[in-house]
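For reference, the structure is listed below as structure tokens.
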Amino acid sequence: MVVVELSSDFGYVVLVFLASIILLQWLAARVSMARKKYEVPYPKMYVDQPYSHVFNCIQRAHQNTLESYPMFLVLMIFGGILYPIQSRENGGPLVTSAF
Numbered sequence: 001m002v003v004v005e006l007s008s009d010f011g012y013v014v015l016v017f018l019a020s021i022i023l024l025q026w027l028a029a030r031v032s033m034a035r036k037k038y039e040v041p042y043p044k045m046y047v048d049q050p051y052s053h054v055f056n057c058i059q060r061a062h063q064n065t066l067e068s069y070p071m072f073l074v075l076m077i078f079g080g081i082l083y084p085i086q087s088r089e090n091g092g093p094l095v096t097s098a099f
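Residue numbers for the sequence shown follow full-length UniProt numbering, so the first one is 1 and each next one is one higher.
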């Protein structure tokens with residue numbers, strides 16, 4: 001049986017993980033507000049109307065984050081087992097810069 005001992009600093013990795021969930025919720029809320037403002041019906045992802053570039057930018061920012069999110073989590077969690085401080089120092093700015 002393999003036993004993995006987590007450092008007390010692993011809590012910082014968990015905090016970054018929780019902050020990333022808040023980030024995703026915030027981005028989803030921005031897309032929802034933009035849909036109402038620019039009257040973009042579901043299931044359209046992008047539109048070709050006047051001022052649609054603003055909605056498209058908001059939508060694309062959310063999609064970009066969702067595309068890279070699984071790899072970010074895997075690397076942060078597994079890296080945090082051995083190197084929790086480095087995972088926090090690399091993951092924290094990535095999450096906060098997206099806000």
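For each residue, glycine too, the CB sits at the ideal point set by N, CA and C.
Of the candidates 86, 80, 26, the residue whose Cα lies closest to the Cα of residue 58 is 26. Fewer than three Cβ pairs drawn from the stretch 39–52 and the stretch 66–77 lie within less than 8 angstroms of each other, which leaves the two stretches out of contact.
When the five nearest sequence neighbours on each side are left out, the beta carbons in the same chain lying within less than 7 angstroms of the beta carbon of residue 55 are those of 34, 38, 40, 47, in order along the chain.
Following the DSSP letters along the chain, one finds residue 37 inside the alpha helix (DSSP H) bounded by residues 10–38.
Restricting attention to 73, 49, 4, 82, the CA atom closest to the CA of residue 17 is found in 73.
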